[in-house]
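Numbering (this note's numbering), first residue to last: 4 to 231.
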Amino acid sequence: MKTEVKICGLKTAEAVDRAVALGASHTGFIFFPKSPRNIEPDDAGRLAARIRGKAKIVAVTVNADNDDLDEIISALSPDILQLHGEESPARVLNVKAVYGLPVIKALSIRDADDLRRIEAYIGIADRFLLDAKPPKGSELPGGNGVSFDWRLLEALDDGVDYMLSGGLNADNVGEALAMTGIRAIDTSSGVESAPGVKDLVRMDAFFEAVNRAEAVIGKHAAVAGRNT
Ligand SMILES: O=C(O)c1ccccc1N[C@@H]1O[C@H](COP(=O)(O)O)[C@@H](O)[C@H]1O
4 MKTEVKICGL KTAEAVDRAV ALGASHTGFI FFPKSPRNIE PDDAGRLAAR IRGKAKIVAV
64 TVNADNDDLD EIISALSPDI LQLHGEESPA RVLNVKAVYG LPVIKALSIR DADDLRRIEA
124 YIGIADRFLL DAKPPKGSEL PGGNGVSFDW RLLEALDDGV DYMLSGGLNA DNVGEALAMT
184 GIRAIDTSSG VESAPGVKDL VRMDAFFEAV NRAEAVIGKH AAVAGRNT
């Protein structure tokens, strides 16, 4: 099974084109003024037009109100909304009812209690994005380049559909895929040369690492299959 890869925080045509050429399944555009990856809705709409239909277009928002969502959705026409703030289950339901778009609810994880917060959103959010808790002092709820303890995911019910996020880069993504068994991942700062600056070489390296890990995992599965 091919790993779904979301490249988030895209701001340039070069980065958008490269992400899709490399096989990204999802492209993320950040609407959060404090972020170095913040993009104006019209600019995001122009970039998304280059790749619409080739990869899912995800609008990433943080505690956005309906006025903000109206503007973003009308400029971008995203396939998916990623709610990366403290949106309650009731707010997620409301957003889905008003806009009729699938919602990825991001949750920040540091310990087992954080992971249990998923339960309140089951049957409401279409998918989850599990990110690390921001370090103390960070103004960003995501995009901090930090990972959480992936062993916590062992406690997660098999039926929970999520993307793994937080500090993934070419050096650790193979281990993340092998350890968690997840086939849906998300990265932002791990493919940048500076905050908000996507680096095509790092993007290439990230996808190479994913492809290498898939080949190894596939081989192990084939051997296991022969031995059963
Ligand atoms: O990237 C940001 O600046 C950002 C701002 C506000 C909300 C979410 C944001 N990013 C999300 O966080 C993940 C993880 O980032 P990283 O790989 O650890 O840098 C990113 O992919 C976005 O979905």
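The beta carbon of each residue, even a glycine, is placed where N, CA and C say it ideally should be.
Within 7 Å of the C-beta of Phe35 there is at least one heavy atom belonging to ligand 1. Within the chosen limit of 7 Å, ligand 1 reaches the beta carbon of Arg40 through at least one heavy atom. Of the heavy atoms belonging to ligand 1, at least one sits nearer than 7 Å to the Cβ of Gly148. Apart from sequence neighbours up to five positions away, the residues of its chain that approach Asp20 with a beta-carbon distance below 8 Å are Arg53, Ile54, ordered along the chain. A distance criterion of 7 Å places the beta-carbon of Thr183 beyond contact range of ligand 1, judged by its closest non-hydrogen atom. The shortest C-alpha to C-alpha distance from Asn147 to any of Glu7, Gly12, Val8, Leu118 is the one to Gly12. The Cβ-Cβ distance between Thr190 and Leu159 does not fall below 8 Å. DSSP places Leu167 in the uninterrupted beta strand (DSSP E) bounded by 165 to 167. Within 7 Å of the C-beta of Ser191 there is at least one heavy atom belonging to ligand 1.
In the same chain as Glu142, and ignoring 5 residues on each side of it, the C-beta atoms closer than 8 Å to its own belong to Lys37, in chain order. Around Ile75, the same chain offers Phe34, Pro44, Ala62 as residues with beta carbons nearer than 6 Å, after the five sequence neighbours per side are excluded. Pairing Val213 with Thr6 gives a Cβ-Cβ distance under 8 Å.
A residue is called buried once 16 or more other Cβ atoms fall within 10 Å of its Cβ, and Gly221, having fewer, is exposed. At least one heavy atom of ligand 1 lies less than 7 Å from the C-beta of Val63. The Cβ atoms of Lys99 and Arg113 do not sit closer than 8 Å to each other. Beyond the five residues adjoining it in sequence on each side, Glu17 comes within less than 7 Å, by CB distance, of Leu203 in the same chain, given in chain order. Its chain contains Ala78, Leu79, Ser80 as the residues whose beta carbon lies nearer than 8 Å to that of Gly48, once the 5 sequence neighbours on both sides are disregarded; these appear in chain order.
Close CB contacts of Ile42 within its chain, under the 6 Å cut and outside five residues either way in sequence, are with Lys14, Phe32 (chain order). In the three-state scheme derived from DSSP, where H, G and I count as helix and E and B as strand, Ser77 is classed as helix.
If you check the C-beta of Pro81 against ligand 1, you find no heavy atom less than 7 Å away.
With a beta-carbon spacing of about 11 Å, Met166 and Leu110 fall beyond the 8 Å limit used to define contacts. Distances between the C-beta of Gly31 and the heavy atoms of ligand 1 include at least one below 7 Å.
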